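Take the sequence shown: its letter number 17 is residue 619 in the numbering used here, and every next letter is one higher.
Take a look at the structure set out below.
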Amino acid sequence: MVIQNISGKFISNIDLEIHKISCIIGNSGKDKEEIEEIVVKKIDTRKVRIIPRDRINVPLKVSEVFNLYEKRFGKRSQFILSLLDLDENAKLEELSEFEKFKVELAQVAFGETELLIVENFMETFEEQLKNLAIKEIIKISNLLDFKILFFFSDLDYINVCDRIYVIYGGRLLEYSTNSSEFYHPYTLALKNSTLNIGKKGEKIEVNYIGEPAFRGCPFHDYCTFAKKDRKLFRTCVTLFPPKVIINRNEVYCWRYSSRE
């Protein structure tokens with residue numbers, strides 16, 4: 603599933619290939635919201651399911667929510683619902699956060715699911731339940747053979763991703779199919795607060811990432827490399843960098859482009 607030239611008010615010209623499990627990484631809610639909106643418009647809405655960032659909270663029983671899913675999406679798979687192990691007579695207000703998450707995941711058991719979009723619910727989940735939730739999503743995906751688009755604000759869970767898109771300021775800064783090797787200073791800033799990259803002992807320290815710049819590389823105001831090199835900084839401020847291939851990663855960074 604390839605969606606080309608995703609552009610809008612906040613996003614600029616991003617090609618998105620949604621493979622088995624693709625992940626969009628970044629800490630800007632505006633970027634994520636617009637990407638999600640555009641992706642949904644490109645696909646048959648009856649085949650897209652969304653797990654929102656905030657848990658479902660309506661005065662209904664689980665069975666009543668399932669009836670709404672069936673009316674909207676189509677016939678239910680009782681086998682998948684049995685795997686989720688939910689009490690259909692329970693009221694939503696009586697459920698734990700994890701059980702409410704499973705009620706939302708149950709959408710995929712109705713009709714035909716082609717794509718599941720998972721908003722960054724990790725920010726509202728208890729730590730011990732995060733891995734369990736991801737495993738539950740992937741287990742059901744393997745059974746029903748639908749694609750997953752995760753939105754994450756950091757790199758803590760990207761080991762499950764086969765496509766990784768790092769987006770900041772509406773621009774793609776790095777694309778990777780490897781969950782361990784990254785090069786753009788913004789990606790590395792998300793990975794660790796103190797980063798070891800390049801030559802042995804070379805470090806970049808990022809304590810704060812605020813609003814992106816509107817010109818040049820959106821990360822230049824917070825990039826230690828750019829701040830230490832006046833010539834590099836002038837370029838980063840004025841022009842968005844071209845794509846450079848580094849160990850199969852696509853990286854948009856003048857620090858590497860200037861060395862070609």
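Beta carbons: idealized from backbone N, C-alpha and C, even for Gly.
Everything numeric in this text was worked out from a predicted model, so none of it was measured.
When the beta-carbon positions are compared, Thr-789 and Ile-637 stay at least 9 Å from each other.
According to the DSSP assignment, Arg-773 belongs to the beta strand (DSSP E) that extends over 773-778. With fewer than 16 neighbouring CB atoms inside 10 Å of its own CB, Asn-615 falls in the exposed class. With fewer than 16 other CB atoms across the displayed protein chains lying within 10 angstroms of its CB, Arg-850 is exposed. The three-state secondary structure of Leu-683, taken from DSSP, is helix. Phe-827 and Phe-821 have their C-alpha atoms some 11 Å from each other. In this structure the region 638-648 lies against the region 712-722, because at least three pairs of beta carbons, one per stretch, are closer than 8 Å. Straight through space, the alpha carbons of Thr-715 and Val-650 are spaced by roughly 6 Å. With fewer than 16 other CB atoms across the displayed protein chains lying within 10 angstroms of its CB, Lys-693 is exposed. Closest by C-alpha distance to Phe-675, out of Ala-711, Gln-730, Arg-836, is Ala-711. Shown here for Lys-644: same chain residues with a beta carbon closer than 8 Å to its own, the five before and five after excluded, namely Ile-605 in chain order. With a cutoff of 9 Å on beta-carbon distance, Ser-778 and Lys-622 are scored as not near each other.
Contact check for Asn-780 against Ile-769 fails: the beta carbons are separated by 9 Å or more.
For the pair Ile-739 and Leu-717, the CB atoms are not nearer than the 9 Å cut-off.
Boundaries of the beta strand (DSSP E) harbouring Asp-617: 616-619, taken from the DSSP string. Taking the Cα of Pro-654 as reference, the smallest distance to any Cα among Ser-609, Ser-665, Val-705, Ser-684 is reached at Val-705.
For the set Phe-753, Ser-698, Gly-713, the Cα lying nearest the Cα of Glu-728 is the one of Ser-698. Beta-bridge annotation (DSSP): Lys-693 is paired with Lys-663.
Closest option to Arg-773, judged by alpha-carbon separation, among Asp-758, Leu-731, Gly-818: Gly-818. Within its own chain, the residues whose Cβ lies closer than 7 Å to the Cβ of Asp-633, once the five positions on either side in sequence are excluded, are Phe-612, Ile-613, Ile-769, Gly-772, listed in chain order.
Cβ neighbours of Arg-657 within its own chain (closer than 8 Å, five residues either side excluded): Glu-699, Lys-702, Phe-703, Glu-706, Phe-723, Thr-726. In this structure, the straight-line span from the alpha carbon of Asn-607 to that of Ile-811 is close to 27 Å. Its Cα nearest to that of Phe-681, the residue Leu-746 stands out among Leu-746, Phe-842, Tyr-824. Contact between Leu-731 and Leu-757 does not hold, since their C-beta atoms are separated by about 19 Å, which reaches or exceeds 8 Å. Taking every protein chain shown into account, the CB of Val-664 has 16 or more other CB atoms within 10 angstroms, so this residue is buried. Secondary structure of Phe-842 (DSSP, three-state): coil.
Where Phe-753 is concerned, the enclosing beta strand (DSSP E) starts and stops at 749-754.
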